[in-house]
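Protein chains in written order, with the numbering used here: chain A, 1 to 284; chain B, 1001 to 1284.
If you want it as structure tokens, here you go:
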């Protein structure tokens, strides 16, 4: 059963890369609810204001988004799908603006710093920090700026009726962000149409162990002994508890399969605490 | 033997949190060379323009800085010390400016977003994105702005002769960044004075394994069988090689101790590739 209409919460302005991830998962017509903070995104879903939430969980340059792992633990909203989006920075202007007129380009400093080669080749253009990538497109359009551009996703250009002057001006092409789609527990069975029927499944969990030599080795035995392969493992020190660690672990398999159930029962013997964050088809 | 005079490269403007880490490691009088990009930091050290480099490697909210792990692999500049700095955001103004006069506060958007409670309590103050935390202090001082503040480290206030109006206005106190001190290989024995003589040692390495069930489990046996405890483990998918992983691993022990040498010889049998990034006293 599908919900009446999908509406997805994400952090950022309309046209953020999270919206691109939501479209990749749920189609180009998905309705969205932009939120100021990640915590708001989780809260809106918990309250039932939306049918799902899309949050970034890791980036190939910047690492895991620990804040969202924390929210996943606290809000009990299961992961039901994943996808990866390549972070492509486009140079965007109002429809009537030419490249030769550009004197300033606005964007979030992280995006500006990922396009340093472009600015080195175009010293007449000043890098100008702004709050948000997509928000900088909104601003140049609304303010009618004719000597200014913005750096953001192609979805932002489309949403604000702007024009892409240059595609893919980022220095490094290997910049991907992985996103999770979350639902409320009662809706966890509602898979997006984008999921291939024969996709292999993954399961994500967090657990803690006391810090003793070999503690993680013994914990991983639970998976190795069932031939379950790992897709991610990461330790995170627990501040204030200098000898304890939280681990993020993804393995390949459905949580309800017998090997996975056996592995989790085995891990529960060894871990101080564990929680399954979701089991979902591997994403494109 | 000490180098004639310490001079440390870091990324960012004078007063960046990396400079705070450099002072914590090498004392308040350390000379510094601010650089625009992380790659420049490594390059200046490689060229011998500085005696060391200080780079962030992971943050408790934002995860590992993969870019610096990549540079560590490519530049062959060993880690010789580590330290952790709590990211404390101070509200900074020109010496003659009062809180009641403030209408705008400049900083990097990441820092502004870490102080949302402060802005919620002070709606008369506009959040204004700027390129850099420390750079925003420099700007309000140089431009003589009397209705504006900046959010940055206390070191930035000191360097630019500004005044701290409010200390620690960040929403979350548990925000720490871990930094490495790097040297050229011929200077790797030059430990900073801040290192305690009896500090336990750690060793950091990277390695790859083919993705097979139990591959990491077998790799970790190399350490568990010698009672070497892990301080960090993290997988990083290799883009374009969907079934291969790079692993970051820190273990407790000196690289030249017999158990560590045995563990590394054992790991070399199992890993496709490995590199020791450095062995150093555990930092405060």
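By construction, the Cβ of each residue, glycine as well, lies at the ideal position given by its N, Cα and C atoms.
Given a cut-off of 8 Å on the beta-carbon distance, is the pair residue i and residue j in contact?
i, j, result
"residue 116 (chain A)", "residue 149 (chain A)", "no"
"residue 72 (chain A)", "residue 181 (chain A)", "no"
"residue 1056 (chain B)", "residue 1065 (chain B)", "yes"
"residue 287 (chain A)", "residue 229 (chain A)", "The displayed coordinates of chain A run from 1 to 284. Any statement about residue 287 (chain A) would go beyond what the structure contains."
"residue 1067 (chain B)", "residue 1030 (chain B)", "no"
"residue 220 (chain A)", "residue 165 (chain A)", "no"
"residue 1278 (chain B)", "residue 1080 (chain B)", "yes"
"residue 22 (chain A)", "residue 41 (chain A)", "no"
"residue 1095 (chain B)", "residue 1163 (chain B)", "yes"
"residue 250 (chain A)", "residue 232 (chain A)", "yes"
"residue 203 (chain A)", "residue 141 (chain A)", "no"
"residue 1100 (chain B)", "residue 1136 (chain B)", "no"
"residue 1188 (chain B)", "residue 1281 (chain B)", "no"
"residue 33 (chain A)", "residue 184 (chain A)", "no"
"residue 1134 (chain B)", "residue 1111 (chain B)", "no"
"residue 109 (chain A)", "residue 129 (chain A)", "yes"
"residue 262 (chain A)", "residue 218 (chain A)", "no"
"residue 1300 (chain B)", "residue 1252 (chain B)", "Since the first residue shown for chain B is 1001 and the last is 1284, residue 1300 (chain B) is missing from the structure and cannot be characterised."
"residue 207 (chain A)", "residue 274 (chain A)", "yes"
"residue 83 (chain A)", "residue 179 (chain A)", "yes"
Which residues in chain A sit within 9 Å of residue i, going by Cβ to Cβ distance?
i, result
"residue 1062 (chain B)", "62, 63, 64, 65, 66, 67"
"residue 1153 (chain B)", "Under the 9 Å cutoff, chain A gives no residues; its nearest Cβ is about 17 Å from residue 1153 (chain B)."
Indicate the three-state DSSP secondary structure (helix, strand or coil) for residue i in the structure shown.
i, result
"residue 76 (chain A)", "coil"
"residue 11 (chain A)", "strand"
"residue 81 (chain A)", "strand"
"residue 1005 (chain B)", "coil"
"residue 1146 (chain B)", "coil"
"residue 188 (chain A)", "coil"
"residue 44 (chain A)", "helix"
"residue 1056 (chain B)", "strand"
"residue 1278 (chain B)", "strand"
"residue 18 (chain A)", "helix"
"residue 1252 (chain B)", "strand"
"residue 37 (chain A)", "coil"
"residue 1245 (chain B)", "strand"
"residue 1265 (chain B)", "helix"
"residue 126 (chain A)", "strand"
"residue 1164 (chain B)", "strand"
"residue 1062 (chain B)", "coil"
"residue 50 (chain A)", "coil"
"residue 1271 (chain B)", "coil"
"residue 173 (chain A)", "coil"
"residue 1284 (chain B)", "coil"
"residue 1032 (chain B)", "strand"
"residue 1135 (chain B)", "helix"
"residue 1069 (chain B)", "helix"
Which chain A residues are close to residue i, counting only those with a beta carbon under 8 Å from its beta carbon?
i, result
"residue 1221 (chain B)", "217"
Find the residues of chain B that neighbour residue i, judging by a C-beta separation of less than 7 Å, and give them in chain order.
i, result
"residue 108 (chain A)", "1109"
"residue 130 (chain A)", "1129"
"residue 101 (chain A)", "By Cβ distance, chain B contributes nothing, its closest Cβ being about 23 Å from residue 101 (chain A), past 7 Å."
"residue 213 (chain A)", "1224, 1227, 1228, 1229"
Note down, in chain order, every chain B residue with its Cβ under 8 Å from the Cβ of residue i.
i, result
"residue 147 (chain A)", "Going along chain B, no residue has its Cβ under 8 Å from residue 147 (chain A), so there is no contact; the nearest lies around 19 Å."
Name the chain A residues that come within less than 7 Å of residue i, Cβ to Cβ?
i, result
"residue 1232 (chain B)", "235"
So which residues of chain B does residue i contact, with C-beta pairs closer than 9 Å?
i, result
"residue 37 (chain A)", "1113, 1116"
Give me the DSSP bridge partner(s) of residue i.
i, result
"residue 1091 (chain B)", "B:1151, B:1166"
"residue 86 (chain A)", "A:176"
- [ ] Would you mind listing the alpha helix (DSSP H) stretches within the segment 1096–1123 of chain B that are 4+ residues and don't spill past its ends, in chain order?
- [x] 1109–1113, 1116–1121
Task: Contiguous alpha helix (DSSP H) assignments of at least 4 residues, all confined to the segment 176–241 of chain A - done: 215–224
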